[in-house]
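Asks: The following block contains the structure, expressed as structure tokens.
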Amino acid sequence: MVKGIEDRIVNTIVAVILALCGAIAVFPLLYVVSVSLTPIGEVLRQGSFPIIPREITFAAYQTLLAESGMVRALGVTVVVTIVGTVFNMAITLLMAYPLSRKRLPGRSVFLMMILFTMLFSGGIVPTYLIVKSFGLLDSIWALILPTLVGSFNVFIMKSFFEQLPEEVFESAKVDGAGEFRILLQIAVPLSTSVIATIALFYGVGHWNEYFQAIMYITDRTLFPLQVIVREILMQSQQPMENVENMTPTQTLQMAAVVLAALPILIVYPFLQKYFTKGMLLGSIKG
Numbered sequence: 001m002v003k004g005i006e007d008r009i010v011n012t013i014v015a016v017i018l019a020l021c022g023a024i025a026v027f028p029l030l031y032v033v034s035v036s037l038t039p040i041g042e043v044l045r046q047g048s049f050p051i052i053p054r055e056i057t058f059a060a061y062q063t064l065l066a067e068s069g070m071v072r073a074l075g076v077t078v079v080v081t082i083v084g085t086v087f088n089m090a091i092t093l094l095m096a097y098p099l100s101r102k103r104l105p106g107r108s109v110f111l112m113m114i115l116f117t118m119l120f121s122g123g124i125v126p127t128y129l130i131v132k133s134f135g136l137l138d139s140i141w142a143l144i145l146p147t148l149v150g151s152f153n154v155f156i157m158k159s160f161f162e163q164l165p166e167e168v169f170e171s172a173k174v175d176g177a178g179e180f181r182i183l184l185q186i187a188v189p190l191s192t193s194v195i196a197t198i199a200l201f202y203g204v205g206h207w208n209e210y211f212q213a214i215m216y217i218t219d220r221t222l223f224p225l226q227v228i229v230r231e232i233l234m235q236s237q238q239p240m241e242n243v244e245n246m247t248p249t250q251t252l253q254m255a256a257v258v259l260a261a262l263p264i265l266i267v268y269p270f271l272q273k274y275f276t277k278g279m280l281l282g283s284i285k286g
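Residue numbers are given in the UniProt record's numbering: position 39 of the sequence shown equals residue 39, and the series is strictly consecutive.
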């Protein structure tokens with residue numbers, strides 16, 4: 001009986017702590033969404049932005065989608081994210097699988113070369129000169145090719161492949177399957193969790209791409225979403241003419257944040273179980 005009471009006390013304390021942590025995490029999101037939906041009249045009446053507005057308006061979203069180039073930037077980001085993630089995954093798979101085979105000639109040399117790129121970088125200026133020499137400036141390929149392979153992701157996927165039963169690969173070889181067929185028909189279907197994890201890494205990286213865009217892109221029509229969002233966040237306060245009909249700058253800023261984060265928030269819950277499993281399994285071996 002005492003043990004049961006202690007368990008209930010501990011469970012209650014844990015539940016309270018988790019509830020507080022959840023509230024702390026949710027409050028900023030709620031505030032951002034609230035500000036993005038608050039009309040100027042509500043702000044004037046309350047004296048500030050309320051947490052839960054009595055009235056809502058989608059004027060900020062309409063303004064962004066109609067005037068700021070947000071739709072074009074969103075299209076650029078979607079293309080870069082999809083195309084870039086596909087290329088990233090293809091190259092990462094083709095590197096990780098051979099490196100997971102212990103009988104690969106020169107395997108340790110290749111692994112050391114990949115590890116070296118994790119520890120040392122050529123620098124911003126040499127990278128820019130390489131991108132320029134390949135004629136990639138002012139093209140979406142400048143947002144994809146310089147980060148085509150992530151060394152850390154290669155090691156995670158390699159470690160995962162090493163944990164797959166070797167007997168499965170040997171049986172496939174006895175049946176006459178080649179390495180490429182083994183990769184596509186055996187290794188990939190058995191590795192959906194780590195593939196989803198790495199794809200999420202690459203996808204989020206492309207979606208949040210900002211630094212490479214300001215480094216390699218000068219054509220405004222090729223600006224990705226995050227560059228446009230930063231421009232909106234850096235806007236100065238709008239003039240107070242026709243106050244009742246204006247959209248507050250802070251409302252525009254928060255609406256831009258919501259539009260930029262919403263796709264990732266929608267996709268992540270569907271990949272969460274794969275993300276957790278892939279990280280745990282892929283990190284057992286180094």
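Backbone N, C-alpha and C define an ideal beta-carbon position, used for all residues, glycine too.
Between the Cα of Phe87 and the Cα atoms of Leu104, Asn153 and Leu145, which residue gives the shortest distance?
Replies: Phe87 has its Cα closest to that of Leu145, out of Leu104, Asn153 and Leu145.
Asks: With 8 Å as the threshold, decide whether the Cβ of Leu200 is near any Cβ in chain C.
Replies: Although the question refers to chain C, the structure presented lacks it and comprises just one protein chain.
Asks: Could you check if Val10 is buried or exposed, using at least 16 other CB atoms within 10 Å of its CB as the buried criterion?
Replies: Counting Cβ neighbours within 10 Å, Val10 comes out exposed, since fewer than 16 surround it.
Asks: Given this structure, state the Cα-to-Cα distance separating Glu55 from Leu262, to the nearest angstrom.
Replies: Cα to Cα, the separation comes out at about 22 Å.
Asks: Below 8 Å between beta carbons: does that hold for Val154 and Ala96?
Replies: A contact, by the Cβ cut-off of 8 Å.
Asks: In terms of residues, what are the limits of the alpha helix (DSSP H) holding Pro224?
Replies: Taken as a continuous stretch (DSSP letters only), Pro224 belongs to no alpha helix (DSSP H), as it is neither H nor E.
Asks: For Leu233 versus Gln212, is the C-beta spacing smaller than 8 Å?
Replies: Contact flag unset, no.
Asks: Can you have a look at Ser236 and say buried or exposed, based on whether 16 or more other CB atoms are within 10 angstroms of its CB?
Replies: With a pLDDT of 48 at Ser236, under the threshold of 50, the predicted position of this residue should be treated as unreliable, though the coordinate-derived value follows. Counting Cβ neighbours within 10 Å, Ser236 comes out exposed, since fewer than 16 surround it.
Asks: Here's the rule I'm using: 16 or more other beta-carbon atoms within 10 Å means buried, otherwise exposed. How should Ala60 be labelled?
Replies: When all chains shown are included, Ala60 counts as buried.
Asks: Just how far apart, CA to CA, sit Val33 and Pro50?
Replies: Going from the Cα of Val33 to the Cα of Pro50 covers about 11 Å.
Asks: Does the beta-carbon of Glu167 have 16 or more other beta-carbons within 10 angstroms, so that it is buried, or is it exposed?
Replies: Exposed, by the Cβ-count rule.
Asks: According to DSSP, is Met234 part of a helix, a strand, or is it coil?
Replies: Here Met234 sits in coil by DSSP.
Asks: What span of residues does the alpha helix (DSSP H) with Arg107 cover, start to end?
Replies: Here the alpha helix (DSSP H) through Arg107 covers Arg107 to Leu119.
Asks: Give every residue of the same chain whose Cβ lies closer than 8 Å to the Cβ of Arg230, excluding the five residues on either side of it in the sequence, and list them in chain order.
Replies: Correct list, in chain order: Tyr210.
Asks: Whether or not the region 91-105 and the region 156-163 are in contact is what I'm after, with contact meaning three or more pairs of Cβ atoms, one per stretch, closer than 8 Å; do they touch?
Replies: Enough Cβ pairs lie closer than 8 Å, so yes.
Asks: Between Thr38 and Pro53, which are expected to be in contact by the criterion C-beta below 8 Å, what is the C-beta distance as a whole number of angstroms?
Replies: Yes, they are in contact, since the Cβ atoms of Thr38 and Pro53 sit about 4 Å apart, within 8 Å.
Asks: Check whether the region 62-82 and the region 128-143 touch, using three or more Cβ-Cβ pairs below 8 Å as the test.
Replies: Judged by Cβ distances under 8 Å, the region 62-82 makes contact with the region 128-143, as three or more pairs qualify.
Asks: Run through DSSP, which three-state label would Ile124 get?
Replies: The answer is helix: DSSP assigns Ile124 an H, G or I state.
Asks: Is the Cβ-Cβ distance between Ser151 and Ile114 less than 8 Å?
Replies: Cβ atoms of Ser151 and Ile114: closer than 8 Å.
Asks: In angstroms, rounded to a whole number, what distance separates the CA positions of residue 342 and Ala73?
Replies: For residue 342 there is no data in the structure shown, the boundaries of the chain being 1 and 286.
Asks: For the region 122-135 against the region 173-191, are there 3 or more C-beta pairs whose distance is under 8 Å?
Replies: Too few Cβ pairs lie closer than 8 Å, so no.
Asks: Find the nearest neighbour of Glu179 within the set Ala66, Arg101, Val258 and Thr85, judged by alpha-carbon distance.
Replies: Ranking the options by Cα distance to Glu179, first place goes to Arg101.
Asks: List the endpoints of the continuous alpha helix (DSSP H) containing Gln163.
Replies: Looking at the DSSP string, the run of the alpha helix (DSSP H) that includes Gln163 is Ser151 to Gln163.
Asks: Go through its chain and collect everything with a Cβ distance to Thr117's Cβ below 6 Å, but skip five positions before and after it.
Replies: Excluding positions up to five away in sequence, the list reads Ser151.
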